[in-house]
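Note sheet for the following structure.
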Ligand SMILES: Cc1cc2nc3c(=O)[nH]c(=O)nc-3n(C[C@H](O)[C@H](O)[C@H](O)COP(=O)(O)OP(=O)(O)OC[C@H]3O[C@@H](n4cnc5c(N)ncnc54)[C@H](O)[C@@H]3O)c2cc1C
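Residue numbers (the numbering used here), protein chains in the order written: chain A, 1 to 591; chain B, 1001 to 1251.
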């Protein structure tokens, strides 16, 4: 049983009642995103991804992709699917209207993307990376480059890739060695990139690679990296894909999961050099890459929610079918009546709903940030995005491993058997804490860049915003939520203080505590968003408005989170208080 | 050539409905509503005829509550040109004859060359409206269509009948009701969903059309099918025969 039905009730409630879709749609340029339009788009996206893409997930996983010469052959289960998606226009949802996109809010696209990623995560990486290339070109591409590439990338007629990683350069991109030499109006690139997602395939007429490389004589380290556009086929005078460029797929990886997504080794310039075009200025590549990386990291966090939702739906279905054991009032019971199975299902549900609220809120800040013309508001939203990014990426993807593992556990032995499909979600989820910056790197980004640089200002600002939810919980008579959130917020504050004081004396303290700080803050911020959802639900029920059962269930889920998940936060604080001593004490030679 | 497509807002076919507690009907509160699947097939057919060049304008019409505007918009997103929403109170259970009478008035005004509609809606399962409209409007009818071909002032309708297919030729204007195998409706594309918003929908009420829509049928009770009782294992063929004869009384 691997069907998927988009959680439209939760998504619509979140967009319209908890987050601020109604105000977003009043921002200049978003006028089309009226409530009825948003509704119509969500409904059709749910139908499309649920009925067209979701059924491919399991088969495409078992088929995988293979290399035939230098050509990647994708899973047969995906035949025609990409074209169908392009024809339906979904890739262009947020794309600029100047280049044929619909210019709709990110707060809407995050919902559609969730459906796509739940339907088939390995496949959806392809449009996801293309979107990243669009973002980069939008901000830093020259007007000629935009004209040449954007329309085709936004429509999905062409796809895009990100080429950062090399064998010796993973987390540390300062070690990038790929060379780019100026040659007239373009550069010639040579070198090898590894682990390039959807680096080659036959879905599109062209693939636009964004490549990090070094020019001769460039400064050492990250300050000497430039960003290049390297199309698989050079663009001819008609703006179409023409002659083959000197970039080839020389291998694809055998992996634990996301089998339908070809992970390619790309070789640039084996013959005369791959023709590449510089984006912006030389040596600014990493800055450009980072502008898009925020969005890509949020997108990976969203993948965590998406694959978890799919695992949850499958686990619920199984738990209602499987008869095993007895309860005091039922001799042959379905396993959903066992409290331990309920613990697992509720944990999955609470982590998903809280994570969804947190992730969507980050995309909402993106909309506000892009549209705001007030400098102060703009920087406020940018600060919030910067802070939320490692939380969304790190916390949601760590949880996705736990959630998909719980989904498998609920299946018992059947879960370990590939046939049920529960194992696939766990295998697929496992990449999420690794790519787009490992969660270790996310944690360092949080404590290094996001917390230390401004001496905790942005973080305290977040905690203060969230403390309003404590107050509102009390007003709504949801004391449990108020108390647990209050304790978690206090834990966050203490953790930040520890980092800012003790961290100065011993560099290992912030580095060793970083992961715990990320989990503590992620769990607090997401828990706050779920508490907020419960307050909204409670107010709606007081007014007899909305779906009473949905609202009640939202409150129950938030109470579960407050009682069963929030305590993790104070435990993280305990570990942070203990500092780095026991982590570092054992000498390296004794490992 | 002008086509009128009648569509109904009905509970989504994926949703499992339950009788409400007093047994007066089914509980539709907060359930997902969609275009009735057979009506959606009718819209799709009209759009395909237009894409083939056989049709120039598609008008969708629906009788339903204000919210049925969503379904009219969905049909516009599939490719219809304009909509008509005949509004009724949400609480009214509208019956085939009342719908047919309203549609008759729309036919008089719009003078379509072809009316396409579903053979039945999955809520009432009546399978009456098309036939009633044909009688009221005095149009020829082709029901349960699995193929529709327009040719020179007539329409050839292939009908799914017991034991095979029957093809009939109707003079236009005519009414065609659609069966499941006529086509597979498309998904609306994002750009078309956006464009649908600009397409006009005329709203009127059944009252303004002068049609009496009060129910002529009263529902006595609605109940869920009784669950299947647990089976028993019989010990011998004799016991089986005995049970079939005396308990089940089937032999
Ligand atoms: C399936 C798949 C798809 C991918 N797709 C792409 C793609 O499309 N484009 C692309 O460019 N790359 C891609 N990657 C590469 C991916 O982003 C890297 O694997 C990832 O960034 C980690 O780099 P690494 O593998 O070199 O690990 P390393 O950097 O060697 O890390 C190993 C371990 O050390 C830790 N570590 C490293 N440095 C530090 C530090 N300074 N402090 C603390 N801990 C540290 C890490 O957290 C990790 O746990 C993909 C990888 C995979 C597996």
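For each residue, glycine too, the CB sits at the ideal point set by N, CA and C.
### Message
Can you tell me whether residue 268/A is buried or exposed? The criterion is at least 16 other CB atoms within 10 Å of its CB, across all chains shown.
### Response
The residue labelled residue 268/A in the question sits at position 268 within the first chain. Residue 268/A should be labelled buried.
### Query
Out of curiosity, what's the CA-to-CA distance linking residue 539/A and residue 5/A?
Taking the first chain and counting its residues from 1, one reaches residue 539/A at position 539. Taking the first chain and counting its residues from 1, one reaches residue 5/A at position 5. Looking at the two C-alpha atoms, the distance is approximately 28 Å.
### Task
Report the neighbours of residue 87/A on chain B: residues whose CB is nearer than 8 Å to its CB, in chain order.
One-based indexing of the first chain puts residue 87/A at position 87. Correct list: 1189.
### Task
Might you give, ordered along the chain, the residues of its own chain that have their beta carbon closer than 8 Å to the beta carbon of residue 146/A, omitting 5 neighbours on each side?
Mapped onto the first chain, residue 146/A falls at position 146. Same-chain partners within the cutoff: 99, 137, 138.
#### Entry: Collapsed DSSP secondary structure at residue 361/A in the structure displayed
Along the first chain, read from residue 1 onward, the residue named residue 361/A stands at position 361. Looking at residue 361/A - three-state DSSP - the assignment turns out to be helix.
### Message
For residue 232/A, list the residues DSSP reports as bridge partners.
### Response
Numbered from its first residue, the first chain carries residue 232/A at position 232. Partner(s): none; residue 232/A has no beta bridge.
### Query
Considering only residues of the stretch 551 to 588 of chain A, which uninterrupted alpha helix (DSSP H) runs meet the minimum length of 4 residues and lie entirely inside it, listed in chain order?
566 to 577, 581 to 584
### Query
In chain order, what residues of the stretch 1176 to 1187 of chain B put their CB closer than 8 Å to some CB of chain A?
1187
### Message
Is any non-hydrogen atom of ligand 1 found closer than 7 Å to the C-beta of residue 435/A, if you look at the structure I gave you?
### Response
One-based indexing of the first chain puts residue 435/A at position 435. At least one heavy atom of ligand 1 is nearer than 7 Å to the Cβ of residue 435/A, so yes.
### Query
Thinking C-alpha only, which one of 483/A, 517/A, 588/A is nearest residue 667/A?
Because residue 667/A is not part of the residues shown, which for chain A are 1 to 591, the question remains open.
### Task
Please confirm whether any heavy atom of ligand 1 lies closer than 7 Å to the CB of residue 332/A.
By one-based count along the first chain, residue 332/A stands at place 332. No, ligand 1 has no heavy atom inside 7 Å of this Cβ.
### Message
Does any residue of chain B have a CB that is nearer than 8 Å to the CB of residue 37/A?
### Response
The residue given as residue 37/A occupies position 37 in the first chain. It does; some Cβ of chain B falls within 8 Å.
### Task
Determine whether the Cβ of residue 1193/B lies closer than 8 Å to any Cβ atom of chain A.
The residue given as residue 1193/B occupies position 193 in the second chain. Interface residue, yes.
### Query
Does the beta carbon of residue 158/A sit closer than 8 Å to a beta carbon anywhere in chain B?
As a position in the first chain, residue 158/A is number 158, starting the count at 1. Cβ-Cβ to chain B under 8 Å: no for residue 158/A.
### Message
Could you check whether the Cβ of residue 1126/B sits closer than 8 Å to any Cβ belonging to chain A?
### Response
The residue given as residue 1126/B occupies position 126 in the second chain. Taking Cβ atoms only, chain A never reaches closer than 8 Å to residue 1126/B, which makes this a no.
### Message
At the level of alpha carbons, what is the spacing between residue 583/A and residue 515/A?
### Response
Position 583 of the first chain, counted from the first residue, corresponds to residue 583/A. Position 515 of the first chain, counted from the first residue, corresponds to residue 515/A. About 13 Å.
### Message
Under 8 Å, Cβ to Cβ, is there at least one residue of chain B near residue 92/A?
### Response
Position 92 of the first chain holds residue 92/A. Chain B, which has a Cβ nearer than 8 Å to the Cβ of residue 92/A, makes this yes.
### Distance cut-off 7 Å: residue 118/A Cβ against heavy atoms of ligand 1
The count along the first chain starts at 1 and reaches residue 118/A at position 118. The answer is no for residue 118/A.
#### Entry: For residue 301/A, the nearest candidate out of 227/A, 224/A, 395/A (CA to CA)
Numbered from 1 along the first chain, position 301 holds the residue referred to as residue 301/A. For residue 301/A, the nearest C-alpha among the options comes from 395/A.
### Task
Give me the Cα-Cα distance between residue 30/A and residue 213/A, rounded to the nearest whole angstrom.
Residue mapping note: residue 30/A aligns to position 30 of the first chain, counting from 1. Residue mapping note: residue 213/A aligns to position 213 of the first chain, counting from 1. Each residue's alpha carbon lies about 37 Å from the other.
### Message
Between which residues of its own chain and residue 1/A is the CB-CB distance below 6 Å, once the five residues before and five after are set aside?
### Response
Indexing the first chain from 1 puts residue 1/A at position 1. Residue placement at residue 1/A is poorly supported in this model, since its pLDDT is 49, which falls under 50; the coordinates still yield a value, given next. Answer for residue 1/A: 317, listed in chain order.
### Query
Under 8 Å between C-beta atoms, does residue 102/A make it to chain B?
Locating residue 102/A in the first chain gives position 102, where the first residue counts as 1. Chain B, which has a Cβ nearer than 8 Å to the Cβ of residue 102/A, makes this yes.
### Query
What in chain A is Cβ-close to residue 1070/B, meaning under 9 Å?
Along the second chain, one-based indexing puts residue 1070/B at 70. By Cβ distance, chain A contributes 36, 39, 40, 43.
### Message
Is residue 171/A close to ligand 1? I mean its beta-carbon at under 7 Å from any heavy atom of the ligand.
### Response
Here residue 171/A refers to the residue found at position 171 of the first chain. Flag set: Cβ of residue 171/A near ligand 1.
### Task
Round the Cβ separation of residue 475/A and residue 489/A to the nearest angstrom and send it over; I've been treating them as touching at under 8 Å.
Within the first chain, the letter at position 475 stands for residue 475/A. Within the first chain, the letter at position 489 stands for residue 489/A. That pair is no contact at about 17 Å.
### Query
At which residues does the beta strand (DSSP E) containing residue 672/A begin and terminate?
The structure shown does not extend to residue 672/A, since chain A is modelled only from 1 to 591, so the question has no answer here.
### Message
Any C-beta of chain C within less than 9 Å: which residues of the stretch 1074 to 1106 of chain B qualify?
### Response
In the displayed structure, chain C is absent; the protein chains listed are A and B.
### Query
Which whole runs of the beta strand (DSSP E) in the stretch 1085 to 1159 of chain B are 3 residues long or more, in chain order?
1114 to 1118, 1141 to 1151
### Message
Taking 8 Å as the threshold (beta carbon to beta carbon), is residue 1030/B in contact with chain A?
### Response
Counting from one through the second chain, the residue named residue 1030/B turns up at place 30. It does; some Cβ of chain A falls within 8 Å.
### Query
Along chain B, which residues have their Cβ under 7 Å away from the Cβ of residue 547/A?
Residue 547/A sits at position 547 when you count from the first residue of the first chain. In chain order: 1030.
### Task
Spell out whether any CB of chain A is found under 8 Å from the CB atom of residue 1016/B.
What you label residue 1016/B is simply residue 16 of the second chain in a count that begins at 1. No, residue 1016/B lies away from the interface with chain A (no Cβ there is under 8 Å from its Cβ).
### Task
Report the neighbours of residue 1197/B on chain A: residues whose CB is nearer than 9 Å to its CB, in chain order.
Taking the first residue of the second chain as position 1, residue 1197/B is located at position 197. Under the 9 Å cutoff, chain A gives 32, 34, 36, 37, 40.
### Message
Which of the three DSSP states is assigned to residue 1062/B in this structure?
### Response
As a position in the second chain, residue 1062/B is number 62, starting the count at 1. Strand at residue 1062/B.
### Message
Check whether the stretch 59 to 67 of chain A and the stretch 246 to 264 of chain A are in contact - that is, three or more C-beta pairs closer than 8 Å.
### Response
yes
### Task
Please confirm if the stretch 1027 to 1037 of chain B is in contact with the stretch 1079 to 1089 of chain B, defined as three or more CB-CB distances below 8 Å between the two stretches.
no
### Message
By the three-class DSSP mapping on this structure, what secondary structure does residue 1019/B have?
### Response
For the purposes of this step, residue 1019/B is taken as residue 19 along the second chain, with counting starting at 1. Note: residue 1019/B maps to strand in three-state DSSP.
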